[in-house]
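Visitor: In our numbering, the protein residues as written are 1364 to 1841. The structure is given below, and queries will be raised subsequently.
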């Protein structure tokens, strides 16, 4: 069985440049057609089935962006790349937003051109539902217009090489969407590397991202490959990117812009090829205005944007997701499938879900645990208080325990007189008070650590340190 030779359309009014690209691609076994005008290119698309297209922006009878939009609308499965002169990034980003697969700067680097076409010609045509089966897909289950539109956007974004910025509340599935974009892209055979920028201390961040050479600092007993280099050929997901310091943002900007990194202690740079996908629950534009996030980095990473809706805006998807979790959990636990009563369904639809899909799953898991019948009623879904050994009242919503500070605790009288010195000593007493304040804030925010940190006036990293200190941290990401 013979494989069809790929066919690529080259669009540029410079015939010498077209011939140069034609010779370069012919070495890869790629057949090419050449067009020198916008209308000629559109005519060729009507007559032939192209596997890819490369177009200049400045054409005698129009803009290459018009061709990008035309191809994206009428031939959405055909990747199109744009030639840009003098590294004009604003135009390059505009072309990516219009639907371009990638861009090539003039003068053309032949190896870059060949690598680009290799990626373009291997873009997988994967069905979204099939792609999500091997990974956690619950975040995208539903029939609401907003979630259907999101699934369609993800398909289109995955075809591009453009940086992606994902926003959404905690628990909406930012990493799930980033992973899915990677799996639907031409980079799916290469690594997907995810980093929570808020979970790594600033002192370690540079070494984690860029790697280091043996002996470059105390404790560097061997060479270490950074996470950016680990994502070579694939996708790099930076969750909570706003947590990066301004100094680290500057170093990341150069890596994104130049596609080169310099490990700590190294005298040479390493070329890396990665697609950056980033996310934050914070308003990055506001942080840019406040001088807390670099404008040039924001400009680089915020090309394609994905906004994940909170669960409370998804209507009947709540019940669809609840039924899905019931089926999933009952199958995992090898028990009979339980069903929701009408009052239980009404209760679920009325909740606020500050923790979004993750919170809904916790509620369902707790309800299944508490029910001895095949029915899940409203009293199974509501939190039931109980007390731990220290006398602090808890509301349990798996897998977290949220504390409610009782009225008769040291918190009602935090300043002791000389006649009321704590028996355990000042340090232990202060730690006890600190722990109770943390638990109170977490309870009020339904264990949303990001909101709890805001309520307490501290950074997410500082809150996480204190949670670890008291053994209250979990493995779940915010």
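Each residue gets a CB set at the ideal place from its N, CA and C atoms; glycine is no exception.
Spell out the partners DSSP gives residue 1528 in its beta bridges.
Guide: The partner list for residue 1528 (beta bridge, DSSP) reads 1641 and 1668.
Visitor: Cβ of residue 1811 within 8 Å of Cβ of residue 1533?
Guide: Yes, these two residues count as a Cβ contact at 8 Å.
Visitor: Quick check on DSSP: helix, strand or coil for residue 1623?
Guide: In this structure, residue 1623 counts as strand in the three-state DSSP scheme.
Visitor: Tell me which residue opens and which closes the beta strand (DSSP E) that residue 1520 is part of.
Guide: Careful: residue 1520 lies outside any beta strand (DSSP E), inside the alpha helix (DSSP H) at 1508-1522.
Visitor: In chain order, what residues of the same chain have a beta carbon less than 8 Å from the beta carbon of residue 1571, not counting five sequence neighbours either side?
Guide: The residues are 1558, 1563, 1589 and 1590.
Visitor: Please confirm whether residue 1731 and residue 1744 have their CB atoms less than 8 Å apart.
Guide: Taking 8 Å as the Cβ cut-off, residue 1731 and residue 1744 do not qualify as a contacting pair.
Visitor: Short of 6 Å in beta carbon distance, which residues of its chain neighbour residue 1417, apart from the five on each side in sequence? Order them along the chain.
Guide: Closer than 6 Å at Cβ, skipping near neighbours: 1373 and 1444.
Visitor: How would you label residue 1549, buried or exposed, when you count the other beta carbons within 10 angstroms and need 16 or more for buried?
Guide: With 16 or more other Cβ atoms within 10 Å, it is buried.
Visitor: Which ranges would you report for the alpha helix (DSSP H) in the stretch 1541-1581 if only whole runs of at least 4 residues count?
Guide: Complete alpha helix (DSSP H) runs here, min 4: 1565-1573.
Visitor: Contact defined as beta carbons within less than 8 Å: I believe residue 1663 pairs with residue 1635. What is the distance between those atoms, to the nearest angstrom?
Guide: Contact flag wrong, Cβ pair sits at about 15 Å.
Visitor: Is residue 1508 buried or exposed, if buried means 16 or more other CB atoms sit within 10 Å of its CB?
Guide: Exposed.
Visitor: Any contact of the stretch 1665-1672 with the stretch 1521-1530, i.e. 3+ C-beta pairs under 8 Å?
Guide: Contact between the stretch 1665-1672 and the stretch 1521-1530 is present, because at least three Cβ pairs lie under 8 Å.
Visitor: Let me check understanding here. Comparing Cα to Cα, which of 1610, 1796 and 1464 lies closest to residue 1446?
Guide: Residue 1446 has its Cα closest to that of 1464, out of 1610, 1796 and 1464.
Visitor: Quick check on DSSP: helix, strand or coil for residue 1389?
Guide: Reduced to three states, the DSSP call for residue 1389 is helix.
Visitor: Tell me, which residues are paired with residue 1425 by DSSP?
Guide: Answer is 1422.
Visitor: For the beta strand (DSSP E) that contains residue 1465, what are its first and last residues?
Guide: Its beta strand (DSSP E) spans residues 1465-1469.
Visitor: Could you check the C-alpha separation between residue 1511 and residue 1718 for me, to the nearest Å?
Guide: Their Cα atoms are separated by approximately 21 Å.
Visitor: Do the stretch 1651-1663 and the stretch 1568-1583 meet, that is, are 3 or more Cβ pairs less than 8 Å apart?
Guide: No contact exists between the stretch 1651-1663 and the stretch 1568-1583.
Visitor: Given a cut-off of 8 Å on the beta-carbon distance, is the pair residue 1461 and residue 1422 in contact?
Guide: In this structure, residue 1422 does not lie closer than 8 Å to residue 1461 by Cβ.
Visitor: Using a 10 Å radius around the Cβ and a threshold of 16 neighbouring Cβ atoms, would you call residue 1565 buried or exposed?
Guide: Classification of residue 1565: exposed, given that the 10 Å Cβ count is below 16.
Visitor: Quick check on the DSSP output: what are the complete beta strand (DSSP E) runs of length 3 or more inside the stretch 1663-1713, in order along the chain?
Guide: The stretch 1663-1713 contains these whole beta strand (DSSP E) runs: 1667-1670.
Visitor: Looking only at its chain, what residues have a beta carbon closer than 7 Å to the beta carbon of residue 1781, apart from the 5 residues adjacent to it on each side?
Guide: Low local confidence applies: a pLDDT of 44 at residue 1781 is under 50, so the model's placement there is unreliable, with the coordinate-based value given in what follows. So the list is empty, once near-sequence residues are dropped.
Visitor: Please state if the CB of residue 1399 and the CB of residue 1378 are separated by a distance shorter than 8 Å.
Guide: Their beta carbons are under 8 Å apart, which means residue 1378 touches residue 1399 by this criterion.
Visitor: Can you tell me where the beta strand (DSSP E) with residue 1397 in it begins and where it stops?
Guide: Looking at the DSSP string, the run of the beta strand (DSSP E) that includes residue 1397 is 1394-1398.
Visitor: Tell me the residue span of the beta strand (DSSP E) that contains residue 1599.
Guide: 1598-1602 is the extent of the beta strand (DSSP E) around residue 1599.
Visitor: Have a look at 1813, 1818, 1802 and 1614 and flag the residue whose alpha-carbon is nearest the alpha-carbon of residue 1835.
Guide: The candidate whose alpha carbon is nearest that of residue 1835 is 1802.
Visitor: Can you look up residue 1590 in the DSSP assignment and give me helix, strand or coil?
Guide: Helix.
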